[in-house]
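What follows is a single structure, written as structure tokens, with notes after it.
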Amino acid sequence: MNYKIECPYCNKEIDLSKLDVAKDKYIQEYISRQIEERLITKKLELEKENKIKLNLEYKQQEEQIKQELEIKHVKEIGELKEQLVEKKTILNTVLDQNKVHIDAIKFFETTFKELRDEMDKNYTNKLEKERKEFKEELAEKEKRIQELTNVKTKGNQSEQDFSDFLNTEFKQFGDKIERINPGQRGADIIHNVFISSDVYIQIYYEIKDVDTFIINGNKAFIPKFISDVNNKKIKYGAIIARNLPAEWIKQGTYLKAIDNNPGLFVCSFENAKVVFMLLRKLVLETERIIAEHNREKYFYTVIYNKLNSPEFKALINTINDLIKQSTYDLEDYIDSSLKYHWKLRNTNSLVIVNIQKLVAEIKFE
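If you read the sequence shown in numbering that gives the first Met the number 0, its first letter stands for residue 0, the second for the next number, and so on.
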């Protein structure tokens, strides 16, 4: 079909099909613009509606909170008014009897003002108290975080102090003290007790410089300690803890043998010297038995029976009693006066001497 016509003015041919294409393109562009304008308008309307809705919800919440506060305030004022009415009744009765009505009115007004001021003051004080408690709680948490951050440093220093003491006391006898590198699992200090030119017996020490011995209600350090010692096939060792379980302290137990594990102990920082001496003496005595009988199986029977005997348990109880009495004396002397300084030193020296004598007397027959 021919879509061409001739222009009556210029006699040129005009292709009508091209005009249809141009018209369709124009219509499509017009529709697209209309749709885009409507979308933009709709978007603006939705944003406006959302903003109005959010503002309305905010005002509703604000109004609800305000109403709750007002109800609480009204209740407090109502209770206060009830108190005032009761006091006013009592006052009026007294004033009627004493003919001092004018003074009573003044007293009532003063009381009302004081109570109102007191209520305002209490509200302010309560707010200030809560703010102070929040700051204190925040400071305590920050302090706790700092303490936890410093636990590793404290532990390293404690290990170094004990290692230095062991070197000072026992290196002269040929013993070797190994301080395990910080961060490694297991022992913190290994005390190698010299027996002969090529024989050393190891004592396994773990230092627990922590705020509590109890984790989730359990003495969690002890099972792990026993497992570590057994894995390394070591017979002797001790956990030296800054803080022992509260029930032990209450019972006066500062040095405790671990049940069913002869040669393993738990003690406090203050009594580490006692366990150092005790374990070294146990090593020397038991090795003497092995040398004399040349039978390790016999040794295990003897050492188990000896460490579980009433005599050895009595020795541990005696040591704990001495430590307990020394602790009580220390508290008494601190509470009294500095004049007891030398007496305290003598008492502590006496405790150490007595314990040394007790340890020195250990003999396994």
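Glycine is no exception: its CB is placed at the ideal position from the N, C-alpha and C atoms.
Query, Result
"Classify K234: buried if its beta carbon has 16 or more other beta carbons within 10 angstroms, exposed otherwise.", "buried"
"Could I get the ranges of all uninterrupted beta strand (DSSP E) runs contained in the region 9-90, with 3 residues as the minimum, in chain order?", "12-14"
"How far does the alpha helix (DSSP H) with L281 in it reach, from first residue to last?", "271-292"
"Considering only DSSP beta bridges, list what C266 is partnered with.", "I239, L254"
"Assuming A237 contacts F264 (C-beta within less than 8 angstroms), just tell me the rounded distance between them.", "4 angstroms"
"Would you kindly check if the distance between the Cβ of D174 and the Cβ of N191 is under 8 angstroms?", "yes"
"Which whole-angstrom value describes the C-beta separation of I239 and K207, a residue pair presumed to lie in contact below a C-beta threshold of 8 angstroms?", "7 angstroms"
"Can you name the start and end residues of the alpha helix (DSSP H) that I188 belongs to?", "Here I188 belongs to no alpha helix (DSSP H); instead the beta strand (DSSP E) covers 188-195."
"Between the alpha carbons of L165 and A138, how many angstroms are there, rounded?", "39 angstroms"
"How should L277 be labelled, buried or exposed, when 16 other C-beta atoms within 10 angstroms of its C-beta is the threshold for buried?", "buried"
"Could you give the residue range of the alpha helix (DSSP H) that holds K223?", "220-230"
"Note down the Cα distance separating E56 from K71, rounded to an integer number of angstroms.", "22 angstroms"
"Would E48 and M118 be called neighbours here (beta carbons separated by less than 8 angstroms)?", "no"
"Is there at least one Cβ from chain B nearer than 8 angstroms to T88's Cβ?", "Of the chains in the structure shown, none is chain B; there is only one protein chain."
"Where does the unbroken beta strand (DSSP E) through I202 begin, and where does it stop?", "198-207"
"Given this structure, state the Cα-to-Cα distance separating K255 from N270, to the nearest angstrom.", "11 angstroms"
"Check whether the Cβ atoms of V251 and D320 sit closer than 8 angstroms, and answer yes or no.", "Reading off the sequence shown, one finds Gly at residue 251, where the question assumed Val. Result yes, Cβ atoms of G251 and D320 sit closer than 8 angstroms."
"Please return the same chain residues whose Cβ sits closer than 8 angstroms to the Cβ of I225, not counting the five positions on each side in sequence.", "I257, N260, L263"
"Nearest by alpha-carbon distance to I315: which of Y253, I176, K11, S196 is it?", "Y253"
"Distance, Cα to Cα, F203 vs R184?", "The question names Phe, yet the displayed sequence has Tyr at residue 203. The alpha-carbon atoms of Y203 and R184 are separated by roughly 13 angstroms."
"Measure the beta-carbon distance from S157 to I188 and round it to whole angstroms, keeping in mind my assumption that it falls under 8 angstroms.", "S157 to I188, Cβ: 10 angstroms. No contact."
"Per DSSP, which one or two residues make a beta bridge with R178?", "I188"
"Using only the alpha-carbon positions, how far apart do Q366 and K120 sit?", "With the chain represented from 0 up to 364, any question about residue 366 goes unanswered, as that position is not in the structure."
"Can you tell me whether I176 is buried or exposed? The criterion is at least 16 other CB atoms within 10 Å of its CB, across all chains shown.", "buried"
"How about I194 and A186: are their beta carbons less than 8 angstroms apart?", "no"
"How about V282 and I200: are their beta carbons less than 8 angstroms apart?", "yes"
"With a CB to CB cut of under 6 angstroms and the five nearest residues on each side skipped, what residues in its chain are close to P7?", "none"
"Buried or exposed for I13, please, with buried defined as at least 16 other CB atoms from any protein chain shown within 10 angstroms of its CB.", "exposed"
"Name the DSSP bridge partner or partners of E5?", "E12"
"Determine the contact status of F212 and P244, defining contact as a CB-CB distance below 8 angstroms.", "yes"
"Give the straight-line distance between the Cα atoms of E286 and K280, rounded to the nearest whole angstrom.", "10 angstroms"
"Would DSSP call P309 helix, strand or coil?", "helix"
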